[in-house]
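Take a look at the structure below.
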Amino acid sequence: MNFNNLDQLYRSVIMDHYKNPRNKGKLDNGSLTVDMNNPTCGDRIHLTFDIEDGVIQDAKFDGEGCSISMSSASMMTEAVKGHSLKEALEMSQEFSKMMLGEDYELTEDMGDIEALHGVSQFPARIKCATLAWKALEKGTVEREGKAEPNSSEDAN
Numbered sequence: 030m031n032f033n034n035l036d037q038l039y040r041s042v043i044m045d046h047y048k049n050p051r052n053k054g055k056l057d058n059g060s061l062t063v064d065m066n067n068p069t070c071g072d073r074i075h076l077t078f079d080i081e082d083g084v085i086q087d088a089k090f091d092g093e094g095c096s097i098s099m100s101s102a103s104m105m106t107e108a109v110k111g112h113s114l115k116e117a118l119e120m121s122q123e124f125s126k127m128m129l130g131e132d133y134e135l136t137e138d139m140g141d142i143e144a145l146h147g148v149s150q151f152p153a154r155i156k157c158a159t160l161a162w163k164a165l166e167k168g169t170v171e172r173e174g175k176a177e178p179n180s181s182e183d184a185n
């Protein structure tokens, strides 16, 4: 497959997640809730996780934003289900490396995440792609008691 075909495939995957988001909505009894926004472009995300014994049983997102931020949230919620918070944070770190153009290693269970690789060529859009992942990191820190739970905060 040549580069143009691969690029088109990735765009199709991103648009599929945007038009047909996975895990869109809210969990009524989520044990972890976090809100974040990107003031640069107005993307907003609300994440809810059901966590039992340190394992993410379910994950939902809601919010509004560009196709990159919303498709990334869809992909992230799919990828982290069934994984421990520690594993989810490791996924987030690998995703951040990919966005920064560093060496990264994605596991098979990260699903469609690699479709967002091309975003790394557009620095202004990296924050869009990483918003959901940064929210996951923020929520995990809050859960560990290092910050006030359920606070809203802007993405850095």
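Start counting the sequence shown at 30; every next residue gets the next number (this note's numbering).
Positions of the beta carbon are idealized from the N, C-alpha and C atoms, including for glycine.
Just so we're clear, the structure is a prediction, and the values are computed from it rather than from any experiment.
Checklist line | First and last residue of the uninterrupted alpha helix (DSSP H) at R73 | finding: Start at 1 with the first residue of the sequence shown, and residue 73 comes out as number 44. Where R73 is concerned, there is no enclosing alpha helix (DSSP H), although the beta strand (DSSP E) it sits in stretches over D72 to E81.
Notebook entry, point to check: For G174, which option in I43, R51 and L61 has the closest C-alpha, if you only look at C-alpha atoms?
Noted result: Reading the sequence shown from its first residue, position 145 is the one you call residue 174. Answer by Cα proximity: L61.
Check: DSSP state of K48, grouped into three classes?
Finding: One-based indexing of the sequence shown puts residue 48 at position 19. The answer is helix: DSSP assigns K48 an H, G or I state.
Next item on the list: Report yes or no: do three or more beta-carbon pairs, one from the region 149–166 and one from the region 51–60, lie closer than 8 Å?
Entry: Cβ pair count under 8 Å is below three, so no.
Note to self: So for N67, helix, strand or coil by DSSP?
What the structure shows: Residue numbering aside, residue 67 sits at position 38 when the sequence shown is read from its first letter. Shown here, N67 sits in a strand according to DSSP, grouped into three states.
Margin query: Going by C-alpha to C-alpha distance, which of I43, V42, N52 and V170 sits closest to L114?
Written below: In the sequence shown, residue 114 corresponds to position 85, counting from 1. Checking every option, the nearest Cα to that of L114 belongs to V170.
Check: Between V42 and the rest of its own chain, which residues show a CB-CB distance below 7 Å, the 5 nearest in sequence each way excluded?
Finding: Here residue 42 corresponds to residue number 13 of the sequence shown, with the count starting at 1. Taken in chain order, the residues that qualify are D141 and A144.
Note to self: Using 8 Å as the cut-off, can you tell me whether the region 125–134 makes contact with the region 75–82, which would need three or more C-beta pairs spanning the two stretches below that distance?
What the structure shows: Contact between the region 125–134 and the region 75–82 is absent: fewer than 3 CB-CB pairs across the two stretches fall below 8 Å.
Note to self: For the alpha helix (DSSP H) containing F90, name the first residue and the last one.
What the structure shows: The residue labelled residue 90 in the question sits at position 61 within the sequence shown. Counting along the chain, F90 falls outside any alpha helix (DSSP H), though it belongs to the beta strand (DSSP E) covering V84 to E93.
Next item on the list: Below 8 Å on the Cβ atoms is my guess for D91 versus K53; work out the distance and round it to an integer in Å.
Entry: As a first step, residue 91 is located in the sequence shown; it is residue number 62 there, counting from the start. As a first step, residue 53 is located in the sequence shown; it is residue number 24 there, counting from the start. Rounded, the Cβ-Cβ distance is 7 Å, consistent with contact.
Notebook entry, point to check: Does DSSP classify D36 as helix, strand or coil?
Noted result: Position 7 of the sequence shown holds residue 36. In this structure, D36 counts as helix in the three-state DSSP scheme.
Next item on the list: Check each candidate in F124, M120 and T106 and name the one with the smallest Cα separation from I74.
Entry: Reading the sequence shown from its first residue, position 45 is the one you call residue 74. When each option's Cα is compared against that of I74, the closest is T106.
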